[in-house]
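Undergrad: I'd like to ask some things about the structure below.
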């Protein structure tokens with residue numbers, strides 16, 4: 001996946017490959033993928049209303065601002081009047097006439113087929129957990145930290161790298177996989193773990209000597225496991241007991257954190273991909289992660305959460321575009337990170353506040369970390 005390269009680029013290389021192959025997974029035959037570009041506020045409003053209507057389409061890239069593209073998947077039964085109206089009304093292009101062919105093409109030849117854990121294919125949850133156990137057994141200063149159980153009773157696992165150099169070292173936190181379908185995040189983070197443990201680069205070694213590192217490759221294990229069956233699955237797998245006549249499942253784990261919870265950019269509809277849950281920290285996955293972070297917050301100097309698809313280095317807040325006093329310093333650092341990302345292949349990552357670059361999205365993990373704990377550095381990398 002990522003050959004030997006600048007270490008900080010390893011942290012931030014977020015380009016995807018492959019898919020799982022499973023006999024019983026949901027298929028996307030004749031689903032069309034369209035890209036819309038809103039030319040004005042009315043166009044943008046139309047796309048936002050489509051998203052909020054839970055019409056049955058799948059937003060791969062959500063509406064954010066005029067001029068920024070929006071990617072939407074339409075199932076065959078929704079390719080009638082509304083579909084044709086949107087194509088005529090908005091600037092649009094067809095990215096794929098059959099999403100299943102994209103999945104099949106990506107999957108071809110990318111099964112592990114009994115090979116050792118590697119970064120040319122995606123691993124299952126068991127593969128990733130076995131890898132964490134293996135490295136913990138191989139290095140005396142590495143340990144698996146169990147920190148709770150998921151809704152479906154899967155173990156929640158973090159990996160801690162703590163060389164016995166000095167006591168009371170500052171900490172770095174990195175997580176991935178809070179959104180189940182974003183498989184590249186766990187793949188990148190396990191790759192980073194491997195580099196931290198095996199690289200002979202002096203800068204990499206210095207990181208492991210100067211910091212304790214806490215890393216969670218799959219924060220949402222139930223969703224990640226289910227995404228092998230339902231490729232676009234994003235949420236947790238919790239059952240919703242009230243206000244849910246259709247029996248929809250799951251909560252957006254990145255709208256469930258207890259800082260300006262449910263104040264915009266999430267949904268009260270359990271069938272929505274952006275459903276925030278009945279209360280903050282209603283999900284065992286987010287509650288357990290918050291408790292683990294709280295236990296190390298006083299020593300934590302950097303918080304990084306990995307997402308995919310959009311190519312942004314995002315800064316809090318998501319509930320508002322209010323700028324905290326040291327915002328410009330964070331922007332300066334973010335731009336430096338973006339410059340490093342661009343060096344190998346010219347890949348451009350835009351830097352800024354979540355609301356300024358995307359949309360309101362309250363209840364996110366970076367908001368909670370900044371608002372409640374305020375470590376020295378924090379990023380949402382997408």
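Numbering (the UniProt record's numbering), first residue to last: 1 to 382.
In this text, a Cβ means the ideal position worked out from N, Cα and C, and glycines have one as well.
Predicted model only: the values in this text are computed from it and were never measured.
Please give me, in chain order, every unbroken run of the beta strand (DSSP E) with length at least 3 that falls completely inside the region 179-241.
TA: Entirely contained in the region 179-241, the beta strand (DSSP E) runs reaching 3 residues are, in chain order, 212-216.
Undergrad: Among 307, 222, 351 and 326, which residue has its Cα nearest to the Cα of residue 182?
TA: Position 182 of the chain shown, counting from 1, holds the residue named residue 182. Of 307, 222, 351 and 326, the residue nearest in Cα terms is 307.
Undergrad: For residue 275, does the three-state DSSP call read helix, strand or coil?
TA: For the purposes of this step, residue 275 is taken as the residue at position 275 of the chain shown. DSSP places residue 275 in strand when its eight states are reduced to three.
Undergrad: According to DSSP, simplified to helix, strand and coil, what is residue 448?
TA: The chain is shown from 1 up to 382; residue 448 falls before or after that span and cannot be answered.
Undergrad: Verify whether the separation of the beta carbon atoms of residue 353 and residue 304 is less than 7 Å.
TA: Numbered from 1 along the chain shown, position 353 holds the residue referred to as residue 353. Numbered from 1 along the chain shown, position 304 holds the residue referred to as residue 304. No, the Cβ-Cβ distance between residue 353 and residue 304 is not below 7 Å.
Undergrad: Please state whether DSSP places residue 366 in a helix, a strand or coil.
TA: Working through the chain shown from its first residue, we reach residue 366 at position 366. Residue 366: helix per DSSP, three-state reduction.
Undergrad: The beta strand (DSSP E) that contains residue 374, what's its start and end?
TA: Here residue 374 refers to the residue found at position 374 when the chain shown is read from its first residue. Where residue 374 is concerned, there is no enclosing beta strand (DSSP E), given that its DSSP letter is neither H nor E.
Undergrad: Report the CB separation of residue 253 from residue 220 in whole angstroms; it is logged as a contact under 8 Å.
TA: To locate residue 253, count along the chain shown from 1; it is residue 253. To locate residue 220, count along the chain shown from 1; it is residue 220. Correct: roughly 5 Å between the Cβ atoms.
Undergrad: Is the region 309-329 touching the region 361-373, taking contact as three or more C-beta pairs under 8 Å?
TA: Short answer: they touch.
Undergrad: Quick check on DSSP: helix, strand or coil for residue 382?
TA: In the chain shown, residue 382 corresponds to position 382, counting from 1. Note: residue 382 maps to coil in three-state DSSP.
Undergrad: Among the residues of its own chain, which have a CB less than 6 Å from the CB of residue 98, if the five just before and after it don't count?
TA: Counted from its first residue, the chain shown places residue 98 at position 98. Excluding residues within five positions, the ones whose Cβ falls inside 6 Å are 30.
Undergrad: Counting only runs of 4+ residues fully inside the region 105-162, write out the alpha helix (DSSP H) ranges in chain order.
TA: For the region 105-162, whole alpha helix (DSSP H) runs of length 4 or above, ordered along the chain, are 125-138.
Undergrad: Cβ of residue 50 within 7 Å of Cβ of residue 96?
TA: Here residue 50 is taken as the residue at index 50 of the chain shown, counted from 1. Here residue 96 is taken as the residue at index 96 of the chain shown, counted from 1. Going by C-beta atoms, residue 50 is not nearer than 7 Å to residue 96.
Undergrad: For residue 351 and residue 119, I'd like the C-alpha separation in whole angstroms.
TA: Along the chain shown, read from residue 1 onward, the residue named residue 351 stands at position 351. Along the chain shown, read from residue 1 onward, the residue named residue 119 stands at position 119. Each residue's Cα considered, the two are about 27 Å apart.
Undergrad: Quick one: what does DSSP say residue 50 is sitting in, helix, strand or coil?
TA: Within the chain shown, residue 50 is the residue found at index 50, counting from 1. Helix, per DSSP.
Undergrad: Quick one: residues in its chain with C-beta nearer than 6 Å to the C-beta of residue 230, no 5 flanking neighbours on either side, listed in chain order?
TA: If you number the chain shown from 1, residue 230 lands on position 230. The residues are 26.
Undergrad: What residue range is occupied by the uninterrupted beta strand (DSSP E) comprising residue 175?
TA: Counted from its first residue, the chain shown places residue 175 at position 175. It spans 171-176 - the beta strand (DSSP E) in which residue 175 sits, taken as one unbroken run.
Undergrad: Within this structure, are the beta carbons of residue 311 and residue 260 separated by less than 7 Å?
TA: What you label residue 311 is simply residue 311 of the chain shown in a count that begins at 1. What you label residue 260 is simply residue 260 of the chain shown in a count that begins at 1. Contact flag unset, no.
Undergrad: What does a CB cutoff of less than 7 Å around residue 390 pick up in its chain, not counting 5 residues either side in sequence?
TA: What is shown of the chain runs 1 to 382, which leaves residue 390 out entirely.
Undergrad: Count the other C-beta atoms from every protein chain shown that fall within 10 angstroms of the C-beta of residue 294, then say buried if there are 16 or more, exposed otherwise.
TA: On the chain shown, residue 294 is found 294 positions in, with the first residue counted as 1. The residue in question, residue 294, is exposed, as its Cβ has fewer than 16 Cβ neighbours within 10 Å.
Undergrad: Please say whether residue 265 and residue 360 have beta carbons closer to each other than 7 Å?
TA: Within the chain shown, the letter at position 360 stands for residue 360. Within the chain shown, the letter at position 265 stands for residue 265. Contact: yes.
Undergrad: Would you kindly check if the distance between the Cβ of residue 158 and the Cβ of residue 214 is under 7 Å?
TA: As a working note, residue 214 is residue 214 in the chain shown. As a working note, residue 158 is residue 158 in the chain shown. In this structure, residue 158 lies closer than 7 Å to residue 214 by Cβ.
Undergrad: Give me the DSSP bridge partner(s) of residue 352.
TA: Here residue 352 corresponds to residue number 352 of the chain shown, with the count starting at 1. Residue 352 is bridged to 314.
Undergrad: Could you give the first and the last residue of the continuous alpha helix (DSSP H) run that contains residue 287?
TA: On the chain shown, residue 287 is found 287 positions in, with the first residue counted as 1. Run containing residue 287: 284-296, per the alpha helix (DSSP H) assignment.
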